[in-house]
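>
In the numbering used here, the protein residues as written are 601 to 761.
1) Give, in chain order, every unbroken run of the beta strand (DSSP E) that is at least 3 residues long and sits entirely within the region 679-703.
2) CB-CB under 6 Å to residue 660, same chain, minus the five flanking residues each way: which ones, in chain order?
3) Return helix, strand or coil for residue 728, following the three-state DSSP convention.
4) Can you tell which of 706, 736, 654 has the C-alpha that lies nearest to the C-alpha of residue 764?
5) Using beta-carbon positions only, say whether residue 709 and residue 677 come within less than 7 Å of one another.
6) Taking DSSP's pairing of strands, which residues face residue 744 in a bridge?
7) Could you say which of 608, 675, 671, 689 lies nearest to residue 647 if we only look at CA atoms?
8) Following the continuous alpha helix (DSSP H) through residue 634, name the residue where it begins and the one where it ends.
9) According to DSSP, residue 666 sits in a beta bridge with which residue or residues?
10) Distance check for residue 721 and residue 701, CA to CA, integer angstroms please.
11) Taking only the alpha-carbon atoms, compute the straight-line gap between residue 750 and residue 692 and give it to the nearest angstrom.
12) Evaluate residue 737 with the Cβ neighbour count: other Cβ atoms within 10 Å of its Cβ, from every protein chain shown; 16 or more gives buried, anything less gives exposed.
13) Label residue 667 either buried or exposed according to how many other C-beta atoms from any shown protein chain fall within 10 Å of its C-beta, with 16 as the threshold for buried.
Written as C-alpha coordinates, this is what we have:
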(Lines of atoms letter the chains of each structure in order from A and count residues from 1; the text may use other names and numbers.)
(Lines give C-alpha, C1' and ligand atoms only; values in the text may rest on other atoms or scores of the structure.)
Protein backbone atom coordinates (compact mmCIF):
# COMPACT_ATOMS: atom_id res chain seq x y z
CA UNK A 1 0.00 0.00 0.00
CA UNK A 2 1.39 3.42 -0.93
CA UNK A 3 1.89 6.23 1.58
CA UNK A 4 -1.02 8.13 -0.02
CA UNK A 5 -3.31 5.13 0.38
CA UNK A 6 -2.23 4.79 4.00
CA UNK A 7 -2.90 8.50 4.59
CA UNK A 8 -6.41 8.09 3.15
CA UNK A 9 -7.08 5.17 5.51
CA UNK A 10 -5.77 7.13 8.49
CA UNK A 11 -7.91 10.18 7.64
CA UNK A 12 -11.00 7.98 7.16
CA UNK A 13 -10.62 6.87 10.77
CA UNK A 14 -9.77 10.32 12.17
CA UNK A 15 -9.86 13.38 9.92
CA UNK A 16 -8.61 15.53 12.80
CA UNK A 17 -5.29 13.70 13.18
CA UNK A 18 -2.29 15.99 12.87
CA UNK A 19 0.26 15.86 10.08
CA UNK A 20 2.83 15.20 12.80
CA UNK A 21 1.09 12.02 13.93
CA UNK A 22 0.64 10.86 10.31
CA UNK A 23 4.35 11.43 9.70
CA UNK A 24 5.28 9.32 12.73
CA UNK A 25 2.86 6.54 11.74
CA UNK A 26 4.29 6.36 8.19
CA UNK A 27 7.91 7.12 9.11
CA UNK A 28 8.01 10.17 6.83
CA UNK A 29 8.59 13.88 7.49
CA UNK A 30 5.80 16.26 8.45
CA UNK A 31 6.40 18.19 5.22
CA UNK A 32 6.03 14.99 3.17
CA UNK A 33 2.76 14.17 4.93
CA UNK A 34 1.42 17.69 4.36
CA UNK A 35 2.48 17.60 0.70
CA UNK A 36 0.77 14.24 0.08
CA UNK A 37 -2.44 15.43 1.73
CA UNK A 38 -2.37 18.60 -0.35
CA UNK A 39 -1.84 16.54 -3.53
CA UNK A 40 -4.75 14.24 -2.61
CA UNK A 41 -6.96 17.32 -2.17
CA UNK A 42 -5.75 18.92 -5.43
CA UNK A 43 -6.40 15.66 -7.33
CA UNK A 44 -9.96 15.53 -6.00
CA UNK A 45 -9.34 12.26 -4.16
CA UNK A 46 -10.00 13.94 -0.81
CA UNK A 47 -13.01 16.17 -1.41
CA UNK A 48 -13.80 17.22 2.15
CA UNK A 49 -13.69 16.50 5.85
CA UNK A 50 -16.77 16.01 7.97
CA UNK A 51 -17.88 15.09 11.46
CA UNK A 52 -20.16 12.11 11.98
CA UNK A 53 -22.89 13.36 14.27
CA UNK A 54 -25.64 11.66 16.22
CA UNK A 55 -28.36 14.08 15.10
CA UNK A 56 -31.03 12.34 17.16
CA UNK A 57 -29.21 13.36 20.34
CA UNK A 58 -29.32 17.01 19.27
CA UNK A 59 -32.96 16.94 18.13
CA UNK A 60 -35.36 14.14 19.09
CA UNK A 61 -37.59 14.96 16.06
CA UNK A 62 -34.73 14.68 13.54
CA UNK A 63 -35.55 12.44 10.57
CA UNK A 64 -33.37 10.83 7.91
CA UNK A 65 -34.88 9.10 4.89
CA UNK A 66 -33.65 7.05 1.95
CA UNK A 67 -35.64 7.73 -1.18
CA UNK A 68 -35.61 5.45 -4.20
CA UNK A 69 -36.25 7.48 -7.36
CA UNK A 70 -37.25 6.12 -10.76
CA UNK A 71 -36.08 8.51 -13.48
CA UNK A 72 -36.63 8.96 -17.19
CA UNK A 73 -33.12 9.61 -18.54
CA UNK A 74 -32.80 12.83 -20.53
CA UNK A 75 -31.59 12.70 -24.12
CA UNK A 76 -28.80 15.21 -23.67
CA UNK A 77 -27.40 14.08 -20.30
CA UNK A 78 -28.91 10.74 -19.25
CA UNK A 79 -29.44 10.49 -15.49
CA UNK A 80 -26.91 13.21 -14.66
CA UNK A 81 -29.22 16.18 -15.23
CA UNK A 82 -31.92 14.95 -12.84
CA UNK A 83 -29.34 13.73 -10.32
CA UNK A 84 -27.62 17.13 -10.26
CA UNK A 85 -30.95 18.96 -9.79
CA UNK A 86 -31.76 16.71 -6.84
CA UNK A 87 -28.25 17.03 -5.37
CA UNK A 88 -28.57 20.84 -5.36
CA UNK A 89 -31.30 20.81 -2.69
CA UNK A 90 -30.13 21.77 0.79
CA UNK A 91 -31.97 18.82 2.39
CA UNK A 92 -30.18 16.24 0.24
CA UNK A 93 -27.15 14.55 1.84
CA UNK A 94 -26.30 12.11 -0.95
CA UNK A 95 -27.38 10.97 -4.40
CA UNK A 96 -26.27 7.69 -5.99
CA UNK A 97 -26.97 6.15 -9.40
CA UNK A 98 -28.07 2.59 -8.67
CA UNK A 99 -28.66 -0.70 -10.43
CA UNK A 100 -31.93 -2.53 -9.82
CA UNK A 101 -35.54 -1.41 -9.74
CA UNK A 102 -34.83 2.28 -9.11
CA UNK A 103 -32.33 4.58 -10.76
CA UNK A 104 -31.30 6.96 -7.97
CA UNK A 105 -30.94 6.57 -4.23
CA UNK A 106 -31.31 9.87 -2.38
CA UNK A 107 -30.63 10.49 1.31
CA UNK A 108 -32.31 13.48 2.91
CA UNK A 109 -32.44 14.92 6.39
CA UNK A 110 -35.24 16.94 7.96
CA UNK A 111 -36.40 18.38 11.25
CA UNK A 112 -39.48 16.13 11.31
CA UNK A 113 -41.54 13.61 9.29
CA UNK A 114 -43.74 16.32 7.81
CA UNK A 115 -40.77 18.28 6.50
CA UNK A 116 -39.41 15.21 4.72
CA UNK A 117 -42.85 14.31 3.33
CA UNK A 118 -43.34 17.85 2.02
CA UNK A 119 -39.93 17.82 0.37
CA UNK A 120 -40.78 14.60 -1.46
CA UNK A 121 -44.28 15.64 -2.55
CA UNK A 122 -43.65 19.30 -3.36
CA UNK A 123 -40.08 19.41 -4.62
CA UNK A 124 -38.73 15.96 -5.55
CA UNK A 125 -41.65 14.10 -7.14
CA UNK A 126 -42.70 17.00 -9.44
CA UNK A 127 -39.21 17.38 -10.98
CA UNK A 128 -39.02 16.84 -14.74
CA UNK A 129 -37.66 13.36 -15.34
CA UNK A 130 -38.83 11.89 -12.01
CA UNK A 131 -41.28 9.06 -12.66
CA UNK A 132 -41.82 7.77 -9.11
CA UNK A 133 -40.40 7.74 -5.59
CA UNK A 134 -40.42 5.38 -2.62
CA UNK A 135 -39.48 6.77 0.78
CA UNK A 136 -37.87 4.71 3.55
CA UNK A 137 -37.52 6.40 6.94
CA UNK A 138 -34.47 5.42 8.97
CA UNK A 139 -35.65 4.26 12.39
CA UNK A 140 -32.24 3.82 14.01
CA UNK A 141 -28.64 4.07 12.85
CA UNK A 142 -26.29 1.38 14.14
CA UNK A 143 -23.21 2.20 12.09
CA UNK A 144 -22.24 4.96 9.67
CA UNK A 145 -18.93 5.52 7.89
CA UNK A 146 -17.26 2.81 9.95
CA UNK A 147 -18.40 4.35 13.27
CA UNK A 148 -20.75 2.57 15.66
CA UNK A 149 -23.62 4.39 17.34
CA UNK A 150 -24.25 3.31 20.92
CA UNK A 151 -27.72 2.69 22.22
CA UNK A 152 -28.92 2.37 25.79
CA UNK A 153 -30.55 -1.03 26.19
CA UNK A 154 -31.75 -3.05 29.10
CA UNK A 155 -30.87 -6.71 29.54
CA UNK A 156 -34.19 -7.92 28.14
CA UNK A 157 -33.25 -6.70 24.67
CA UNK A 158 -29.84 -8.39 24.55
CA UNK A 159 -29.52 -11.37 22.23
CA UNK A 160 -26.69 -13.86 22.40
CA UNK A 161 -25.03 -14.87 19.11
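For every residue, glycine included, the Cβ atom is placed at its ideal position computed from N, Cα and C.
No experiment lies behind these values; they were computed from the predicted model shown.
Well, looking at it:
1) With a minimum length of 3 residues, the continuous beta strand (DSSP E) runs that stay inside the region 679-703 are 692-697.
2) So the list is empty, once near-sequence residues are dropped.
3) Correct three-state label for residue 728: coil.
4) Given that the chain is displayed from residue 601 to residue 761, the structure contains no residue 764 and the question cannot be resolved.
5) In this structure, residue 709 sits away from residue 677, with a CB-CB distance that is not shorter than 7 Å.
6) Assignment of beta-bridge partners to residue 744 by DSSP yields 747.
7) Just measuring C-alpha positions, the residue of 608, 675, 671, 689 sitting nearest residue 647 is 608.
8) For residue 634, the uninterrupted alpha helix (DSSP H) run begins and ends at 630-642, by DSSP.
9) DSSP lists 707, 736 as partners of residue 666.
10) Rounded to the nearest whole angstrom, the CA to CA distance from residue 701 to residue 721 is 20 Å.
11) Distance between the alpha carbons of residue 750 and residue 692 is about 25 Å.
12) Counting the other Cβ atoms within 10 Å of the Cβ of residue 737 gives fewer than 16, which makes it exposed.
13) With 16 or more other Cβ atoms inside 10 Å of its own Cβ, residue 667 counts as buried.
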